[in-house]
Amino acid sequence: MTERYDCHYCKETLFGRKYVLREENPYCVKCYESLYSNTCEECKKPIGCNSRDLSYKDRHWHEGCFHCFQCQHSLVDKPFSTRDEQLLCTECYSNQYSSKCHECKKTIMPGSRKMEHKGNSWHETCFTCQRCQQPIGTKSFIPKDSSNYCVPCYEKQFAMQCVQCKKPITTGGVTYHEQPWHKDCFLCTGCKQQLSGQRFTSRDDFPYCLNCFCNLYAKKCASCTTPISGLGGSKYISFEERQWHNDCFNCKKCSVSLVGRGFLTERDDILCPECGKDV
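Numbering (UniProt numbering), first residue to last: 1 to 279.
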């Protein structure tokens, strides 16, 4: 007498019938499909034991139901994308949703490398310098008038050249006598210190910091002997080829200010009328 071999669920004999093992328990095909088969996303029917079960993100399809939502072509063993839970072949997805190249107007296929700038996209090979036509790739570039330029080409075509070193000025710069200079090139003619950001003046079209200009060209105060710059609206007194700072134009004896008042001279000294009575 042979031992019975029955379906684990319905208990009907499996002798001479197809069956499926699950966790070491035998099931007739009907019970197994009823209990464990996945439902096809497309046709909503069970995916039986004799059918190929294709799955993606916990969703399942019959092999014949696994096709592009748009063109209905089979996606079995082919690359695909999804949009709003719908399966799309690469071509349909690209035509409908992928970016268009700003240069050649063709679709940028998913997975291919693209360049983006200010809302526009390019194929990597289409993102080129307007001047030399070489791909820019990940190098620095400068946009101008809806075109893009690699830095060397932009400098050659558009950047101003420093009148001192003759090299392009790409950032910042100083304008002096309507001519462009690098900040590092705009120096005092005397001490060679940078003049950018500080007060300066000129002599014979050469720029000087205030210290150098005063030391080289300013008249000396007859009283304190330091330079009188006369710059920035500072006032000074001039008399018979001699000059004084306003604050230095005082009576030699009593030190009262003589600015705007009469005065007398005794050799190199200036005196107020009161002190000058004894002269």
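Glycine included, every Cβ here is placed at the ideal spot set by N, Cα and C.
With fewer than 16 other CB atoms across the displayed protein chains lying within 10 angstroms of its CB, Cys224 is exposed. With a cutoff of 8 Å on beta-carbon distance, His182 and Asp205 are scored as not near each other. With a cutoff of 8 Å on beta-carbon distance, Cys104 and His73 are scored as not near each other. Under the 8 Å Cβ criterion, the stretch 109 to 129 does not count as touching the stretch 59 to 78, having fewer than three qualifying pairs. Here Leu35 is exposed, its C-beta having fewer than 16 other C-beta atoms within 10 Å. DSSP links Thr82 through a beta bridge to Leu87. In this structure, DSSP gives Tyr36 a helical state, which the three-state scheme calls helix. Taking the Cα of Asn148 as reference, the smallest distance to any Cα among Tyr217, His102, Arg4, Leu210 is reached at His102. Look at Asp58 here: in three-state DSSP terms it is coil, with no helix or strand label.
In the three-state DSSP reduction, Leu216 falls in the helix class (H, G or I). According to the DSSP assignment, Gln243 belongs to the beta strand (DSSP E) that extends over 242 to 245. Linking Cys43 to Cys71 through their CA atoms gives a straight-line distance of about 17 Å.
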